[in-house]
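Protein chains in written order, with the working numbering: chain A, 2 to 341; chain B, 9 to 331; chain C, 787 to 1122.
C-beta: ideal position from N, C-alpha, C; glycine also.
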Amino acid sequence: MSTPMSTHAVHPVHSSEPLLSVRDLRVTFGRRGEQPFKAVDGISFDVRPGQTVGLVGESGCGKSVTSLAIMGLLPTRGNTVEGSAVFDGEDLLRLSPGQMRDRRGREIAMIFQDPLSSLNPVVQIGRQVTEVMERHQGLSRKEAMPKAAELLERVGIPDPKARLVNYPHQLSGGMRQRALIAMALACKPRLLIADEPTTALDVTIQAQILALLKELVVETGTALVMITHDLGVVAGLCDEVNVLYGGRIVERGDRHTLFSRPRHPYTVGLLNSIPRLDAPRGEALSPIPGSVADNLPWDSACAFAPRCPNALDVCVQQTPEWEGDDVVGLRCFNPMGVSR
Amino acid sequence: MTPTPELPPERTTYAERRSQRIDALASASAAEEGGVSLIKSAWRRLRRNPVFLVGLAITVAFIALALVAPWLAPWDPAARPLLDDVRPQSNPVPGPEAGHPLGADDKGRDLLSRLLVGSQQTLLVGVLATFFGLLGGLVLGTLAGAVGGWIDSLVMRIVDVMLSIPSLLLAFTLAALATRPSQWTLIIAIATVQVPIFARLLRGSMLAQRASDHVLAARSLGVKQRAIVFRHMLPNALGPVIVQATLVLAVAIIDAAALSFLGLGNPDDRRPEWGQMLGKAQPFLGEAPHLAFYPAACIIVVALGFTLMGESLREALDPKTRR
Amino acid sequence: MLRFVLRRLIQMVGVVLVLSVLVFVWLRSLPGGPVSALLGERGTPERRAALEKALGLDQPLPVQYLRYMERAVQGDFGVSTKVLPGEDALDIFFARLPATIELSFFALVIAIALGIPLGYLAARRKGTPLDTTTVIFSLVGVAVPVFFTGFLLKYFFAVEWNLLPVSGRQSTGLDATRVTGLFVLDGILTREWDAAWDALKHLVLPAVALATIPFAVIFRITRASVLDVLDEDYVRTAEAKGLTAQVIRGRHVLRNAILPVVTTVGLQVGALLSGAVLTETVFSIRGIGDALATAFRDKDYPVLQVLIIAAAAIYVLVNLLVDIAYAVIDPRIRTR
């Protein structure tokens, strides 16, 4: 079994108390009579005010489920959520649906992957922005409209007044994602969760949206949890990076350390599969062999072992324990750069 | 070269909208994997679906009953053993008595025997109406879908006009045009209104098939057009057609009752049919409601059986619910 | 928008024209045709020939059709032979129209008022007993022949329990003022409340009987549509905004889920027209359906053609209106 961190090591850089503290979060899917599936298998991490934390991994590693569990947005039936997610002194997982509803959109906001399908096609953009303020700030629609225009302008939408009465299909992909960001920031939340916010966009637009997010985070002091499969996104944005595999965190560190001295073979594999323009000619990309379908159960092995170039015998016989704290850590028997 | 797949276009006319629902059903299975694995995976889901199993049980029981009915029936359905008990004024419909557990109809014929034997004609009406409707739709739809061009446009215009008349009303009209109503005019009237629906369904399937990979592969290998249509396209287009046929069986049995009720059905009642029995029971509803209730109950149960089966088949074949 | 409406109107005229040709050809190609219908079995060859000449039936078909259309555009579709012998066929249509409009309207109101909320609830509580029960009920509703539903309702509510009137549109002996021919509306307009109430009581059973199939269809489409919408990302976005359950239901779920239902309601007018033939017969309501039933049974061809073409025209027209409504409520079409 894994040991969740119990110490609150005080790091010199982030001296403040965590805004969100996730401890031993477990999400299990599976109805009666079905083999239960552990989508999230004991994840712990902290987010401090103003900090940007990345959750990185392939699809199926549990990163999106983690965010939905924190938001209380998992379907009500067919899953169990254990552990805790303490936000501002309250465990979000213990709140009633009504209490959670009061916090969503005001304290914690979220932006999603596909901006077109995430916007209501038959409601005007303006209305979709104002409804958050109407709900949480008690504003009337009339009072909220000029604020909505300001927000749209703030996220870089040209001619915001005209856009208020547009419908999503009349906007470009980048504009839609900007509008979604405006909605998320409408009530100045203290925590923003971005689930693959750039994946559905063109490459040039991706860079713009990332720049916008970075700017907004700095400006408003909002903490950001960035969920992505793309280490390139992480490199430009995150203070701390968590690499997830098979529902557990396998490596953690600040982005400089993680990028310059990755230790977990999976992290190395992720880094090597990023195409680089400055790579020497002729050097082949080295994708990670196999897929998540090859995973072993964490109970008695390292889930990544079947795909791991560094795997030892012990990797398929024992569960690697978490070695580290809430700032830096690793879950590996045979990390890179250590010869045995 | 290969035609582009027909995407759900931005259609807005009502008939096309009605058609769209048919097309949606058509494309549901067509774009999916090949016929065999499709049916296999559908069957795996169906086996555990109680709705389907109930529908299947009813259907199997009904067909079995229809097959053995003549041996089960204690009396000849045309014989009038209780004729002497019929008193037009005081006792128009003789009640149950020894040997006649359900009593008799207004002509002194054993009601139980008529209900049992009636299952045969009911099955016949349902199956034949569906068969002819399917056959007509098959010819038109295959023609339109496989050949395309102006034949396609022409066939589809005819189909659209037919769909612009409410279908049951069209069946009434067709049946009313026959000077001498019979079992056959009834079957043909019901079958005809199903033709445009089947035709659209098949055409939609065929178009989706025509653009699919395995047809493309066959074509690039130089397989003849006719072989492609009959060996590759048609078999894969059958899924939605089977679903529709199951539902039409129910509709045909119900519609037959409606036609008989309006006096447009078979006037010869020596070989009974449930719809006809129900239609002819109407004058006696006040005195002998059971005369109508028994055949009605039979129709409802059987129609429900086919509907349950069809709906769960549709669900099983719908890729949306398969995730 | 205007061009859209115009294009649909032209299409509609086209459909009705093609229909008139088809109906005309069908009717003329009958074995015996109208002459047999008029003379019955008594017709001697001489009488038949004379009548054929008098009716212009000895002319070639295209000529006959042109003459027929010439009269038709003047509103002359011929004279009823059986429904109301001697009466102008088009007059019969207009005289019978209000009863059918009233009946269909109430049936549609019942179907919508029950079908949409129940469809929403069933989808929201998918898999619960409420869902299963309503789904089974809707499946049974489709399996029962409409006229038999009518009989059941009539038998129990009118004959056995004596709660509601057995048949007709108003009690005999009630003297009500007529304005529109829609009895309930007339009672309200003239403030003859007892007449309105009486007419409403007469409407309940036939309207419920007629509503069963449209209800079942609207219910199932609503349920399926809501289920689809509940899976949409924008509903999750709305939840992530912390919006209240009412706002999510109204603005985000129903406003999207209702779009396919609107089209379905238009298509159900077809079921209403077919069902009216059966329901009006069961409840002795003198409407278009009842006239059609008589025309079908007794081969009153002039009345039959008027009513069939009119029914198709109504069906097409209603769906045209539904298309326009759809374009208005769906911004993706409106703002294209």
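Residue-level contact to chain C via CB, A/Gly106, 9 Å cutoff: Within the first sequence, residue 106 of chain A is the residue found at index 105, counting from 1. Yes, A/Gly106 lies at the interface with chain C (some Cβ there is under 9 Å from its Cβ).
Separation of A/Ala110 from A/Leu346, as counted between CA atoms: Outside the displayed range of chain A (2 to 341) lies residue 346 of chain A, so it cannot be described from this structure.
Coarse secondary structure for A/Phe30, derived from DSSP in three states: Locating residue 30 of chain A in the first sequence gives position 29, where the first residue counts as 1. Three-state DSSP puts A/Phe30 in a strand.
Under the three-state DSSP convention, the category A/Glu322 falls into: Position 321 of the first sequence, counted from the start, is the residue given in the question as residue 322 of chain A. Three-state DSSP puts A/Glu322 in coil, outside helix and strand.
Within chain F, the residues that A/Asp103 reaches when beta carbons sit closer than 7 Å: This model lacks chain F altogether, as its protein chains are A, B and C.
Burial state of C/Arg1022, where buried means 16 or more other Cβ atoms lie within 10 Å: Taking the first residue of the third sequence as 1, we reach residue 1022 of chain C at position 236. The residue is buried, with at least 16 neighbouring Cβ atoms inside 10 Å.
Residue burial classification, C/Asn948 (beta-carbon count within 10 angstroms, cutoff 16): Translated into positions along the third sequence, residue 948 of chain C becomes position 162. With fewer than 16 other Cβ atoms within 10 Å, it is exposed.
Per-residue DSSP class, three states only, for A/Lys39: Here the question's residue 39 of chain A lines up with position 38 in the first sequence. Correct three-state label for A/Lys39: strand.
Ranges of the alpha helix (DSSP H) found wholly within the stretch 983-1044 of chain C, counting only runs of at least 4: 1019-1026
Contact between the stretch 1058-1073 of chain C and the stretch 155-168 of chain A (3+ Cβ pairs under 8 Å): no
CB contact below 9 Å: C/Lys868 versus chain B: Your numbering for residue 868 of chain C matches position 82 in the third sequence. False, the Cβ-Cβ gap to chain B never drops below 9 Å.
Per-residue DSSP class, three states only, for C/Glu888: Indexing the third sequence from 1 puts residue 888 of chain C at position 102. Reduced to three states, the DSSP call for C/Glu888 is helix.
Proximity test, Cβ basis, 9 Å: C/Val1024 and chain A: Stepping through the third sequence from its first residue, residue 1024 of chain C is reached at position 238. Looking at the sequence itself, residue 1024 of chain C is Ala, so the reference to Val does not match. Closer than 9 Å to some Cβ of chain A, the Cβ of C/Ala1024 qualifies, so yes.
Beta-carbon contacts of C/Val994 that lie in its chain and below 7 Å, excluding the five residues immediately before and after: Within the third sequence, numbered from 1, the residue matching residue 994 of chain C stands at position 208. The residues are Ile896 and Leu939.
Contacting positions in the stretch 283-299 of chain B - beta carbon closer than 9 Å to chain C: Gly283, Leu286, Gly287, Gln290, Leu293, Gly294 and Pro297
Within chain A, partners of C/His1038 - CB distance below 7 Å: As a working note, residue 1038 of chain C is residue 252 in the third sequence. In chain order: Asn121.
Any C-beta of chain C under 9 Å from that of A/Ser340: Within the first sequence, numbered from 1, the residue matching residue 340 of chain A stands at position 339. Unreliable placement is indicated for A/Ser340, whose pLDDT of 44 sits below 50; no coordinate value is reported for it.
Assigned secondary structure, C/Phe863 (DSSP; H/G/I helix, E/B strand, else coil): As a position in the third sequence, residue 863 of chain C is number 77, starting the count at 1. Reduced to three states, the DSSP call for C/Phe863 is coil.
Test: C/Asp1019 CB closer than 9 Å to a CB of chain A: Against the third sequence, residue 1019 of chain C aligns to sequence position 233. Cβ-Cβ to chain A under 9 Å: yes for C/Asp1019.
B/Ala179: first and last residue of the uninterrupted alpha helix (DSSP H) it sits in: Reading the second sequence from its first residue, position 171 is the one you call residue 179 of chain B. Taken as a continuous stretch (DSSP letters only), the alpha helix (DSSP H) holding B/Ala179 covers Ser175 to Leu185.
Cβ neighbour criterion (16 or more within 10 Å) applied to C/Leu1124: With chain C running from 787 to 1122 in the structure shown, residue 1124 of chain C is simply not present.
A/Ile109 in three-state terms, based on DSSP: In the first sequence, the residue the question calls residue 109 of chain A occupies position 108. Strand.
Residues near C/Ala1099 in its chain [Cβ-Cβ closer than 6 Å; skip 5 each side]: Here residue 1099 of chain C refers to the residue found at position 313 of the third sequence. So the list reads Val802, once near-sequence residues are dropped.
Inter-stretch contact (C-beta, 8 Å, three-pair minimum) for the stretch 140-152 of chain B and the stretch 194-203 of chain B: yes
Status (buried if at least 16 other CB within 10 Å, exposed otherwise) for B/His108: Taking the first residue of the second sequence as position 1, residue 108 of chain B is located at position 100. Flag for B/His108 reads buried.
Segment limits, beta strand (DSSP E) that includes A/Ser85: Translated into positions along the first sequence, residue 85 of chain A becomes position 84. It spans Asn80 to Phe88 - the beta strand (DSSP E) in which A/Ser85 sits, taken as one unbroken run.
Same chain, Cβ closer than 7 Å to C/Gly1073, neighbours up to 5 away in sequence not counted: Here the question's residue 1073 of chain C lines up with position 287 in the third sequence. Closer than 7 Å at the Cβ level, and outside the excluded window around C/Gly1073, lie Arg882, Ala885, Thr886, Leu889, Ala1062 and Glu1066.
Cutoff 9 Å: A/Leu152 Cβ touching any chain C Cβ: Locating residue 152 of chain A in the first sequence gives position 151, where the first residue counts as 1. Not an interface residue.
CA-to-CA distance, C/Lys839 to C/Tyr1087, given in whole angstroms: For the purposes of this step, residue 1087 of chain C is identified with residue 301 of the third sequence, where counting begins at 1. For the purposes of this step, residue 839 of chain C is identified with residue 53 of the third sequence, where counting begins at 1. Computed Cα separation, rounded: 18 Å.
Residue range of the unbroken alpha helix (DSSP H) whose run includes B/Val135: Counting from 1 along the second sequence, the entry for residue 135 of chain B is found at position 127. Here the alpha helix (DSSP H) through B/Val135 covers Leu119 to Thr150.
Cutoff 9 Å: C/Trp1132 Cβ touching any chain B Cβ: Nothing can be reported for residue 1132 of chain C: it is not among the residues displayed for chain C, which extend from 787 to 1122.
Residue span of the beta strand (DSSP E) that contains A/Asp196, given as start and end: Within the first sequence, residue 196 of chain A is the residue found at index 195, counting from 1. First-last of the beta strand (DSSP E) with A/Asp196: Leu192 to Asp196.
Residues from the stretch 167-181 of chain B in contact with chain C, defined by Cβ distance under 8 Å: Asp168, Val169, Ser172, Ile173, Pro174, Ser175, Leu176, Leu177, Phe180 and Thr181
Exposure label - C/Gly861; buried when at least 16 CB within 10 Å: Here residue 861 of chain C corresponds to residue number 75 of the third sequence, with the count starting at 1. Exposed, by the Cβ-count rule.
Contact the stretch 144-153 of chain A vs the stretch 163-172 of chain A: 3+ CB pairs below 8 Å: yes
Partners in chain A for C/Asn1042, counting only beta-carbon separations shorter than 8 Å: Position 256 of the third sequence, counted from the start, is the residue given in the question as residue 1042 of chain C. Those within 8 Å of C/Asn1042 in chain A are Asn121, Pro122 and Val123.
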